[in-house]
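Report on the structure given below.
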Amino acid sequence: MAFPTSFGMVISGDAIVALSAVRRDAAGTTGFFRFVETGTPVPPAILKAEGIPASAMKTALPIETVREDLLAFLPPECVLLVHDSAPVRNVLHHLLSGASKHTLLDTRELAGILFPSTGNHDLRSLADVLGLQPDPDVPDPGFRFAQDSLLILSLWDRLAGEAASLPKSLVRELYALFAPLRSHPLRTFFKTCSDAPRRADAYPEAAGGLRGLFSAEVVPRIEKQNPDGREWVPVDVANVEKLLGAGGILASNIPDYEFRQEQVDMAIRVTEALNASKHLVVEAGTGTGKSLAYLVPAILWAVANDMPVVVSTNTKNLQSQLLGKDLPLLTGLVGRGLKAAVIKGRRNYLCVRKLLFALEHAGLDLSPEERLALAGVLVWSIRSASGDLSECSAAAGPADPALHEMITADASECRGGRCDHRSRCFLFRARRHALSAHIVIANHAVVFTEMADGDSSMVLPPYRHAILDEAHNLEDAATRGLSMELSRYGIHFLLGRLWRPGRRHHDGGILPALTDHLGRYRSISPEVVGRMEQDAVKVMDAMAALDPVIDTLFSELSALLEGARGRESLRYSAERRIESDWALVLGARENLGRALGGLSLLLSAIIETLGHESLEAMPDRENFAKEINGVLVRVKQFSAEAAFVVAGASPDHVFWVERTKGRQGGARAWAAPISVGAMLAEQLYAQKASIIFTSATLTVNGSLDFVKKRLGLNVLEPGRILEMTVGSPFDYARQCTFMVPLFLPEPGESGGNYAEALGLLLAEVFRRTHGRALTLFTSYDMLQGCARTLRAQMGADSGQLLVHGESGSREHITQTFKQQTESVLFGTHSFWEGVDVPGESLTCLVLARLPFPVFTDPIVEARCERLESEGTSAFAGYSIPAAVIRFRQGFGRLIRHRNDRGIVIVADRRVAQKSYGQWFRRSVPAPMQSYAERGAFLDAVDQFVRQMSDERDAEGRT
Ligand code: SF4
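Numbering of the sequence shown is given in the numbering used here, commencing with residue 27 and proceeding in unit increments.
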């Protein structure tokens, strides 16, 4: 490619404040930077973030002068490099319009393709991970935007080097992906790479072209005993104590290992449950070390019996901790020959067959985003050992759902033992590893999907023993797994896999690809080709006729919402609805059922024709049949679910219609189980020998009854279930202060602007704590209202405020919060749990409101009604206990280590003033202190901060 010139820029609104460029040509590397007159003062926060002193702006030049200087600086032919360029690209286009024909390439896009395993493609993160060094020939003026242009040029060199080391067949495939985008810079880039002579590379060319690049590891098949009716070998409790006890094997072998009696107690109980084939519910307070307390007996048990124990989590964080920290710690110390494996749902693994099929047949209708994502997946796939798409950042971009559909296979699309790619199949390998493992790490979604689908999707090995960690989330996870959603998007998305009308006759989907493919084989009889083409046309006609039927159903569902009286959703059931209102919906659903039935017949006919012997010469015919079968199975499933959801006849489900956001507006319908307990009891607890339920927050008022009832454990025979509560080893009374400001208005109080009042108070609190604060909200509106006020108060320091939904992904802002010690993080729902920030970065935790379930949520409403109909108060029997568990999760974010200290501010005075407040107060391990006066409250914060700093000084001296 032409010589590169990289850009860094500071923009305020849409005006350029400062601009830098670094040019590389035959003569060497040269830098350029200018400040630009904007006509209005530049916000100090922007200058501060860029390291620009206000005095530097005195050298600013008019934009016309900067433009002329820049044009003189640019070589006549060059590739302009920007990173993460949407705003920068627009400004640069505008600046150079009419004067330059340079190609503008985004190094972030290219890095996403060539470094697809790197989670974060921000320039600075890439610079850290790749060890980028700015060119020493160009002096660094010390401004961030100027350093950016230097780093981009350095990144460009790495990208070019990386591309040059890729196998030629891969680069050719990358070029083919971008070839239809005639003016795309990556088309030129990969064309140049593909034409260039290869250097000795890290990924050598393999026999068999692209498919030969995938590693073909053969994992031997393991024969296991049938678990049914087996006698289990018990684990000696003394061995567990020997491992975990004071001065035991772990304490003697693991540096900094802390003996905890609570951990030993829990491990003994887990052992007893496994030995006796009983279920166990155990709450283990924060700091118990509960993962080792269950892993040690589980490993001993699994090794003794040569049977897997499944350990299921709700979050990726815990999975990572188990795999990256706890299991490696125990390897070699617990259970000889310990083998562990991780297994996820089918849709998490790349299907090699489908990826190659997509590259061959995806056609010309892919969007540029889909091409970028597919390119990243392709590069990642030849290096990946696991095929787990969560390790590929390219698979998590904007094209995500369509891309996942294109490159993963569910049971109906998988060719199983007949697949040509079996030896390269990531899922197959993961299953074989899991079959031979003692500990199989999974997640709740997989456990419940398999429970609901029976054997049809089977990714877990046969098991009879499981540990369900983060069990406070089980009811939600099971509800999600057993719910049905009926949406216009869902059916259009599915049908779009068959046929998507495209521009300039470039239709997308399996059917146009099939007819195109057929035309390439002269040996196939014209009669068969003709029949297939006719069938394909019939399917397309049927799909075209389906559109208005689908539209009618969803329009009629949407019309029902006019009766929702301002609510976002409308519950219904066959019993309660007014038939005249529903006549059109029911009629539309019947029409849809008939139309989908007709479509299914047509698809079956195509699949049958593909099996015709005269098509044997067509190499991809079985792949096409599988692709069409995948759609057929789901069309039938959609039709059956539509009948169930619209009928609303099941008394065990709650049904509702809700508004959808998006540009078109509209509605979707849902069915969800009101209670999951009976299903879990029948399909899980009765089938398994022993299930251990554990979490740091299962009790309410010291009792496990609420969780047991919600999960259906209360209906088991008393002798079948054990329970236990293990306290935390932390000294909460010493380590934290629990404060309630009574002078704030009540959240939701009419006339009292709670969000603003909270923002004003937090500005004063955070000044005293120097940030280091996490604030948890129950609604995004409240979060935004409070953030607005806080920003106005913080002024130049508002850059330290990290806001969920504005400042990046959850992982990114949590990481930034950990690294920038004085920052403040505002988070909503997902931040109430799983955020683990030990140390100084989290010194002040604010819970903005008691986290009651949203009573307008149809599932919550139906659960409350069910309880009331059974004679139980829904508030006392559901809303309060559910809120207490969530409250305890939130509260537990503060103290993560025995050296942590901090303040918890519960900014909801109901916790102190309402009678139900005692449920919350009694459920947390620190005494509450309430303050009627603002001054006294802030004095107490001051005092705590002083005390904490004195203690740290004293610790530093000892
Ligand atoms: S065996 Fe199934 S999942 Fe594996 S590559 Fe073949 S089709 Fe895909």
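C-beta atoms are modelled at their ideal positions from N, C-alpha and C, and glycine is treated no differently.
When the options are compared against residue i, the one with the closest alpha-carbon
i: Asp678; options: Met705, Trp525, Tyr320, His430; result: Met705
i: Ser551; options: Leu636, Trp608, Glu601; result: Leu636
i: Arg814; options: Phe33, Gly785, Thr64, Ser346; result: Gly785
i: Gly371; options: Ala277, Ala460, Ala570; result: Ala460
i: Leu73; options: Arg170, His109, Arg593, Arg526; result: Arg170
i: Gly138; options: Ala420, Phe454, Ser412; result: Ala420
i: Ala693; options: Leu300, Ala590, Ser856, Val741; result: Ala590
i: Pro162; options: Val155, Leu176, Ser151; result: Leu176
i: Leu800; options: Val930, Lys351, Leu121; result: Val930
i: Ala287; options: Ala310, Leu306, His305; result: The amino acid occupying residue 287 in the given sequence is Gln; Ala does not appear at that position. If we check each option's Cα against that of Gln287, Ala310 comes out closest.
i: Ile632; options: Gly157, Ile536, Ala571; result: Ile536
i: His518; options: Ala570, His491, Glu653, Arg546; result: Ala570
i: Phe946; options: Gly918, Arg927, Asp926; result: Gly918
i: Leu398; options: Ile275, Ala621, Phe141; result: Phe141
i: Lys250; options: Arg444, Met333, Glu199; result: Met333
i: Asp630; options: Asp561, Asp282, Ala272; result: It should be noted that the sequence gives Ser, not Asp, for residue 630. Nearest C-alpha to Ser630: Asp561.
i: Trp406; options: Ser180, Val308, Thr144; result: Thr144
i: Ser701; options: Ala668, Leu724, Lys735, Asn727; result: Lys735
C-beta contact flag for residue i and residue j at 9 angstroms
i: Gln841; j: Val829; result: no
i: Leu356; j: Leu321; result: yes
i: Arg458; j: Ile248; result: yes
i: Ile921; j: Cys762; result: yes
i: Asn499; j: Ser754; result: no
i: Phe719; j: Leu415; result: no
i: Glu601; j: Phe769; result: no
i: Phe4; j: Ala52; result: What the structure shows of the chain is the stretch from 27 to 984, and residue 4 is not part of that stretch, so it cannot be assessed.
Where the beta strand (DSSP E) containing residue i begins and where it ends
i: Pro30; result: 29-38
i: Met954; result: 954-957
i: Tyr20; result: As displayed, the chain neither begins before 27 nor continues past 984, which places residue 20 out of reach and without an answer.
i: Met510; result: 510-512
i: Thr56; result: 54-61
i: Ile718; result: 716-721
i: Tyr598; result: 595-598
i: Asp51; result: 41-51
i: Val368; result: 366-368
DSSP beta-bridge partners of residue i
i: His679; result: Pro699
i: Asn469; result: Thr339
i: His305; result: Ile747
i: Phe764; result: Val930, Met954
i: Cys104; result: Phe29
i: Leu22; result: In the structure as shown, the chain starts at 27 and stops at 984, and residue 22 therefore has no counterpart that could be examined.
i: Val726; result: Ser729
i: Leu827; result: Val850
i: Cys870; result: Ala799, Ile929
i: His491; result: Val335, Ser716
i: Thr129; result: Val105
i: Tyr375; result: Asp414
i: Thr534; result: Checking the sequence shown, residue 534 turns out to be Gly, not Thr. Beta-bridge pairing links Gly534 to Arg526.
beta-carbon residue i near ligand 2 non-hydrogen atom, thresh 8 angstroms
i: Ala137; result: Absent from the structure shown: ligand 2. Ligands present: ligand 1.
The alpha helix (DSSP H) enclosing residue i, as first and last residue numbers
i: Ile280; result: Neither: Ile280 is in no alpha helix (DSSP H) and is coded neither H nor E.
i: Ala562; result: 552-586
i: Val861; result: Segment: none, Val861 is in no alpha helix (DSSP H) and carries neither H nor E.
i: Tyr806; result: 806-820
i: Arg93; result: 89-99
i: His120; result: 112-122
i: Val659; result: 647-673
i: Gly753; result: No alpha helix (DSSP H) holds Gly753; DSSP gives it neither H nor E.
i: Cys440; result: First-last for Cys440: undefined, no H or E at that position.
i: His838; result: 836-845
i: Pro246; result: No alpha helix (DSSP H) contains Pro246, which DSSP labels as neither H nor E.
i: Ile72; result: 70-76
Minimum Cβ-Cβ distance from residue i to chain C less than 9 angstroms
i: Ala621; result: Among the chains of the structure shown, chain C does not appear; only one protein chain is present.
Contact shell at 5 angstroms, judged by CB to any heavy atom of ligand 1, ordered along the chain: Per the Cβ criterion, the list is Cys377, Val378, Arg379, Ala435, Cys440, Arg441, Cys445, His447, Cys451, Leu453.
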